[in-house]
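One structure is given below, encoded as structure tokens.
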Amino acid sequence: MIPPNYSDICKPVNDLFSKDYPFGALRLEVNTNTANGIKFTVNGAQDIKTGSIVSELKAKYADKVSGLTYTESWNTANLVSGQVEIANRFAKGLKVELSGSAGLSSSKRSLRSKIQYQQDNLFARINVDALSPSATADVTVSREGALAGAELAYDLNSGAVTKTNSTIGYAGPDYQITLQGNNSLNLFQVAFFHRVSKEVEAGARAVYDYKNPEGGVSAELGAKYVLDKTAHLKAKVDNAGRFGVSFTQALRPGVKLSLAGLFDTTRLQENAHKMGAAITFEA
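Numbered according to UniProt numbering, the sequence shown spans residues 1 to 283.
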């Protein structure tokens with residue numbers, strides 16, 4: 001079995017705490033597919049507090065025969081981006097990617113390349129930013145449910161390691177537990193996820209900053225309850241007294257609405273709360 005990439009090792013618990021929570025914004029996403037295989041995506045979000053709007057238009061074309069995927073996007077920062085991927089063309093499990101961006105009204109530029117390889121019990125990636133210049137590499141290995149991964153970033157100019165992260169964990173049929181050591185083993189996180197049943201998911205995570213022991217441990221609990229095939233509820237609470245809740249409903253096939261609120265229970269009489277909504281169209 002192929003393990004997840006390093007960024008997705010904690011995906012089940014991260015999704016439980018972040019997905020379907022559009023706090024402080026009104027979001028819109030529209031996805032459409034053409035007959036010749038091009039997928040168009042439009043994302044937009046308005047900050048409720050400031051009124052500022054950001055949006056992005058993206059087009060993606062995938063040729064399954066050749067393994068070639070091309071993606072192009074343009075956002076409200078007037079940044080144009082392009083990405084080319086070739087998967088399983090040179091070897092099974094190998095993907096090569098080249099991406100770049102340019103600001104039409106600024107001097108922002110980027111040029112990146114990525115090589116990714118996956119097979120049973122192994123997922124490895126290396127990313128090189130030619131204009132920084134910097135490189136990032138990560139690897140995940142697995143064996144009978146046990147997981148281990150590491151990530152490293154390297155500044156090619158100074159010759160210095162700028163980031164080291166590591167993760168160990170275990171993934172069972174319906175649960176996962178992980179321990180992460182980030183920022184050169186100065187920031188630790190323990191996370192637990194359990195799919196209790198088809199209707200119920202639960203999770204918890206705790207973070208401790210070794211460089212800031214006065215801050216103590218920050219902890220968070222979260223849960224998801226599936227009401228029926230079209231709707232679910234989510235809730236989370238942390239030890240700082242913040243309580244978040246969301247409701248997601250499929251209004252019809254291809255149309256989904258999410259409503260969410262984040263409430264500071266230590267400041268109930270103040271304007272310290274965040275509301276938000278998101279609607280997604282699929283066609």
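Built from N, CA and C at the ideal position, the CB exists for glycine as well.
Identity of the residue in ASN121, ALA137, LEU152 nearest ARG143 by Cα: That would be ASN121, whose Cα lies nearest to the Cα of ARG143.
By how many angstroms is the C-alpha of GLN269 removed from the C-alpha of ILE2? Answer to the nearest angstrom: the Cα atoms are 50 Å apart.
Roughly how many angstroms lie between the CA atoms of GLU97 and GLY241, to the nearest whole one? For GLU97 and GLY241, the distance between alpha carbons rounds to 43 Å.
Hey, how far is the Cα of LEU262 from the Cα of GLY159? Rounded to whole angstroms, LEU262 to GLY159 spans 43 Å at the Cα level.
Check ASP20 in the structure and name its three-state DSSP category. ASP20: coil per DSSP, three-state reduction.
Kindly indicate which residue of GLU151, LEU16, GLY103, THR248 has the alpha-carbon position closest to the one of VAL141. Of GLU151, LEU16, GLY103, THR248, the residue nearest in Cα terms is GLU151.
Whole runs of the beta strand (DSSP E) within the stretch 12-80, excluding any shorter than 3 residues: Every beta strand (DSSP E) of 3 residues or more that sits fully in the stretch 12-80 is shown, in chain order, as 25-33, 38-47, 53-63, 68-75.
For the beta strand (DSSP E) holding GLY222, just list the boundary residues, first then last. Boundaries of the beta strand (DSSP E) around GLY222: 217-228.
So what's GLU214 in DSSP terms, helix, strand or just coil? If DSSP states are grouped into helix, strand and coil, GLU214 belongs with the helices.
Boundaries of the beta strand (DSSP E) in which VAL139 is found, first to last residue: Segment 134-143, the beta strand (DSSP E) holding VAL139.
Give me the residue from ASN212, VAL237, ALA77, GLN180 with the minimum Cα distance to ALA202. Comparing Cα positions, the closest option is VAL237.
Buried or exposed for ILE9, going by 16 or more other Cβ atoms inside 10 Å? Under this definition ILE9 is a buried residue.
Enclosing beta strand (DSSP E) for residue 290 [first to last residue]: Past the boundaries of the shown model lies residue 290; the chain is included only from 1 to 283, so the question cannot be answered.
Below 7 Å between beta carbons: does that hold for LEU26 and ALA272? Cβ atoms of LEU26 and ALA272: not closer than 7 Å.
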